[in-house]
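Q: Before I ask anything, let me first share the structure, which is written out below as structure tokens.
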Amino acid sequence: MSTSLLRSTPSPLTNSGRMNLIGSSTHLGILSVSFYHRPSQSCNFKLCFPTSGLCSRLGTRCCVVSATSSKLYENEGVNSSIESQRYTDLKDNMPSSVNILEEQLRDLFNEVHAMIRIGKENEARDLLLANFEAVKEQIDAGHKGIEEAAILDVTALGYMALGDIRTVKPLLDVLSEVVDDLKDEEPLLDSILTHMGNMYEKLENFEMSICVYGRAVKVVERLYGNTSSFIVTPLLGMAKVLGSTGKTKKAIETYHRVVKILESSRGEECEELVVPLFGMGNLLLKERRVTDAENAFNRILTTYMKLYGENDGRVGLSMSSLARVKCAKGDVNEAIDLYKEALRRLKVSDYIAIDDHIMEKMRVDLAELLHAVGRGEEGRMLLEECLLITEKFKGEGHPSSVSHLVNLATSYSQSKLFAEAERLLRMSLQIMFKNVSPDDQSITFPMLHLAVTLYNLNRNEEAEKHALEVLRIRERAFGENSLPVGEALDCLVSIQTQLGKDDGELLELLKRLLKIQEKAFGTDSEEVMETLKKVVYYLEKMGRKHEGLPLERRLSKLRTKYKQMVQY
-16 MSTSLLRSTP SPLTNSGRMN LIGSSTHLGI LSVSFYHRPS QSCNFKLCFP
34 TSGLCSRLGT RCCVVSATSS KLYENEGVNS SIESQRYTDL KDNMPSSVNI
84 LEEQLRDLFN EVHAMIRIGK ENEARDLLLA NFEAVKEQID AGHKGIEEAA
134 ILDVTALGYM ALGDIRTVKP LLDVLSEVVD DLKDEEPLLD SILTHMGNMY
184 EKLENFEMSI CVYGRAVKVV ERLYGNTSSF IVTPLLGMAK VLGSTGKTKK
234 AIETYHRVVK ILESSRGEEC EELVVPLFGM GNLLLKERRV TDAENAFNRI
284 LTTYMKLYGE NDGRVGLSMS SLARVKCAKG DVNEAIDLYK EALRRLKVSD
334 YIAIDDHIME KMRVDLAELL HAVGRGEEGR MLLEECLLIT EKFKGEGHPS
384 SVSHLVNLAT SYSQSKLFAE AERLLRMSLQ IMFKNVSPDD QSITFPMLHL
434 AVTLYNLNRN EEAEKHALEV LRIRERAFGE NSLPVGEALD CLVSIQTQLG
484 KDDGELLELL KRLLKIQEKA FGTDSEEVME TLKKVVYYLE KMGRKHEGLP
534 LERRLSKLRT KYKQMVQY
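Mapping of the sequence shown onto my numbering: residues -16 to 551, in sequence order.
In structure tokens:
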């Protein structure tokens, strides 16, 4: 039973009957949008707003609420320069009334975003609802143009900002019906499609996400050609979804296309290359194409060092990616050195907060590597640092500290200091019981660790009690044949073996565990091999050797397979 570390005042507006959406950009898979503003009361064009607005054919117009945090808007997106140029091109080719409208709507976005930021979410929600109801009236009256699509689009993005995913789905259903009837030549349709692709991804409707991203790509190709930098945004969105749905080869090809487009239009050392190189590098690493992944991450590191200097935080982040590559290559000591240097540069540069989850993950990853090479005390110091930082910024007893307590307990267990591990695990359980119900599945993680620790302390009756409770909660939460249940069964068998429980009962538990592992890992997996050994053992012990013969032959083949793998 092994354990591992956890991983405003409005301005005048003309009588424009059109509403236009300008470019978008994607940075590391997070969408940012261009915004709309409410008109003044002297205008015939009306936006729903808590205090003012006017009439037009569409009756009521909407504002946009960001789908990302304000911090993200302060940072440069991958296509910031590309989209800036595109916005300039669009402004030059649009009536001035449209440009005024867009600028006012952009200002309105800032007002609404501020509303959310200071906690006035109900006011923001009322505003979005009023806009949706107004545009829905126009759609029901037969008006299904680009204006209606744009309003629906930004209203959906507003609900995304509020975290109201439940409302976004029906909005997207209506938007999809409108967009399906629009011709590809409609101005700025590609931006709406790109927003939709991102929202579908967040809703985990990956098929629709890829579909609308694909149409956005075709629209841009028709307008600007298939090597235009404007195509980068939807391609990046598509690549991210392809990668997250297991279509790794196609995702890598799409990232590669983006890299070639940017190299041709921006140069081989432009900062815009970072996002596609990062996405491609992660997928290459996943495919065990370690050398190719290393090349991608090295390019990012070189680019950041030339642009910002050696001690910039972005250089530190690039080093952490390279550390993962070194680890995959088996160069653990090099990986450790890279992680240490990455953390140092991030601290010196103050690029991200000390309590940021990225820094936290790097500390945990480094600690795990240090434990793996027998430098447990160094690793434990990092884990203690994680706990102290969490307690400083979130307070003692905060649920976020549970993972750090469990990690520390794991570290002490590896050093055979089981009493200290037990103390930490009981602390983590106390925190959990104060914050969630006794049957919440999240409790089972520290509880199972506690069962293992008590087993190692030869307090098997206590250990069995906790293991049985974990099994009960997980069966209800995940299903009787789920992998988390299998993990609990594995632990329970070891404990009950020490307690001298009936061999027949243990055999049935093992057979159940075997079925779960075969389904989860495959019939030829190493996990299956280990459980097969135990099943064969108990069959022989119970005098049922004839039943075990087919399993013995199967076990022999698996042993040969893994022996050859080790030799290789």
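Quick reminder that beta carbons are idealized off the backbone N, C-alpha and C, glycines included.
Quick one: measure Cβ to Cβ for residue 322 and residue 284, integer angstroms, because I've assumed they're closer than 8 Å.
A: No, residue 322 and residue 284 are not in contact; Cβ-Cβ is about 14 Å, not under 8 Å.
Q: Using alpha carbons as the reference points, say which of 427, 475, 305 lies closest to residue 282.
A: Closest by alpha carbon: 305.
Q: Cutting at 7 Å between CB atoms, please list the residues of its own chain near residue 480, excluding the five before and the five after it.
A: 489, listed in sequence order.
Q: Please report how far the alpha carbon of residue 154 lies from the alpha carbon of residue 161, in whole angstroms.
A: Distance between the alpha carbons of residue 154 and residue 161 is about 11 Å.
Q: Using the Cβ count rule (16 or more neighbours within 10 Å means buried), how would you classify residue 210?
A: Flag for residue 210 reads exposed.
Q: Tell me whether residue 531 is buried or exposed, calling it buried when 16 or more other Cβ atoms sit within 10 Å of its Cβ.
A: Flag for residue 531 reads buried.
Q: Rounded to whole angstroms, what is the Cα-Cα separation between residue 454 and residue 392?
A: Residue 454 and residue 392: Cα-Cα distance of roughly 21 Å.
Q: Check this for me: beta carbons of residue 215 and residue 195, under 8 Å apart or not?
A: Contact flag unset, no.
Q: With the cut-off set at 8 Å, would you say residue 318 and residue 330 are in Cβ contact?
A: No, the pair does not count as a contact, with Cβ atoms beyond the cut-off.
Q: Between which two residues does the alpha helix (DSSP H) containing residue 253 stretch?
A: Run containing residue 253: none; DSSP gives neither H nor E here.
Q: With contact counted as at least three CB pairs below 8 Å, one residue from each stretch, are the stretch 141 to 157 and the stretch 165 to 174 in contact?
A: The stretch 141 to 157 is not in contact with the stretch 165 to 174.
Q: With burial defined as no fewer than 16 other Cβ atoms inside 10 Å of the residue's Cβ, what is the status of residue 337: buried or exposed?
A: Residue 337 comes out exposed.
Q: Residue 415: which of 105, 405, 533, 426 sits nearest, CA to CA?
A: Nearest option by C-alpha distance: 426.
Q: Give the single residue among 178, 357, 232, 382 whose Cα lies nearest to the Cα of residue 412.
A: Looking at the Cα atoms, 382 is the closest of the given residues.
Q: Measuring CB to CB, does residue 401 end up less than 8 Å from residue 365?
A: For residue 401 and residue 365, no; Cβs fall outside 8 Å.
Q: If you count every other CB in all the chains shown that lies within 10 Å of the CB of residue 363, and 16 or more means buried, which is it?
A: It is buried - the Cβ of residue 363 has at least 16 other Cβ atoms within 10 Å.
Q: Report buried or exposed for residue 301, applying the criterion of at least 16 other Cβ atoms within 10 angstroms of its Cβ.
A: Classification of residue 301: buried, given that the 10 Å Cβ count is 16 or more.
Q: Taking the runs of the alpha helix (DSSP H) that are 4 residues or longer, which of them lie wholly in the stretch 309 to 369?
A: The stretch 309 to 369 contains these whole alpha helix (DSSP H) runs: 315 to 332, 340 to 355.
Q: Below 7 Å CB to CB, which residues in the same chain sit around residue 335 once its five sequence neighbours on both sides are set aside?
A: Around residue 335: 296, 329, 341, 342.
Q: Out of curiosity, what's the CA-to-CA distance linking residue 122 and residue 131?
A: Using only the alpha carbons, I get a separation of about 7 Å.
Q: Roughly how many angstroms lie between the CA atoms of residue 492 and residue 476, to the nearest whole one?
A: Roughly 7 Å separates the two Cα atoms.
Q: My guess is that residue 541 and residue 507 are in contact by the Cβ rule of under 8 Å, so how many angstroms apart are they, rounded?
A: Correct: roughly 6 Å between the Cβ atoms.
Q: Taking the straight line between their C-alpha atoms, what separation do you get for residue 23 and residue 174?
A: At residue 23 the pLDDT is 32, less than 50, meaning the model places this residue with poor confidence and gives no usable figure here.
Q: If we ignore side chains and look at the alpha-carbon of each, how far apart do residue 48 and residue 142 end up?
A: Any reading at residue 48 needs caution, since the residue's pLDDT is 27, under 50, leaving its predicted position unreliable; the model's value is listed next. Near 7 Å, if we compare the C-alpha coordinates of residue 142 and residue 48.
Q: Indicate the three-state DSSP secondary structure (helix, strand or coil) for residue 210 in the structure shown.
A: Residue 210 falls in the coil class under three-state DSSP.
Q: Is the beta carbon of residue 408 less than 8 Å from the beta carbon of residue 433?
A: Closer than 8 Å, so yes.
Q: Give the DSSP-derived three-state secondary structure of residue 531 in the structure shown.
A: Reduced to three states, the DSSP call for residue 531 is helix.
Q: With residue 441 as the anchor, note down where its alpha helix (DSSP H) starts and where it stops.
A: Segment: none, residue 441 is in no alpha helix (DSSP H) and carries neither H nor E.
Q: Apart from the five residues on each side of it in sequence, which residues of its chain come closer than 7 Å, Cβ to Cβ, to residue 397?
A: For residue 397, where only same-chain residues beyond five positions count, the Cβ hits under 7 Å are 354, 359.
Q: Applying the 10 Å Cβ sphere with the 16-neighbour rule, what's the burial state of residue 376?
A: So residue 376 counts as exposed.
Q: Just the C-alpha distance for residue 189 and residue 325, rounded to the nearest angstrom, thanks.
A: Their backbone Cα atoms lie some 34 Å apart in a straight line.
Q: What residue ranges within the stretch 282 to 313 form continuous alpha helix (DSSP H) runs of no fewer than 4 residues, ordered along the chain?
A: Runs found: 296 to 312.
Q: Output the residue ranges of the alpha helix (DSSP H) runs that lie fully inside the stretch 86 to 152 and measure 4 residues or longer, sorted by chain position.
A: If we require 4 residues or more, the alpha helix (DSSP H) runs fully inside the stretch 86 to 152 come out as 104 to 123, 129 to 145.
Q: Buried or exposed: which applies to residue 457, given that a residue is buried once 16 or more other Cβ atoms fall within 10 Å of its Cβ?
A: Its Cβ being crowded by 16 or more others within 10 Å, residue 457 is buried.
Q: Beta carbon of residue 473: closer than 7 Å to some heavy atom of the ligand NAP?
A: As for the ligand NAP, it is missing from this structure, which has no ligand bound.
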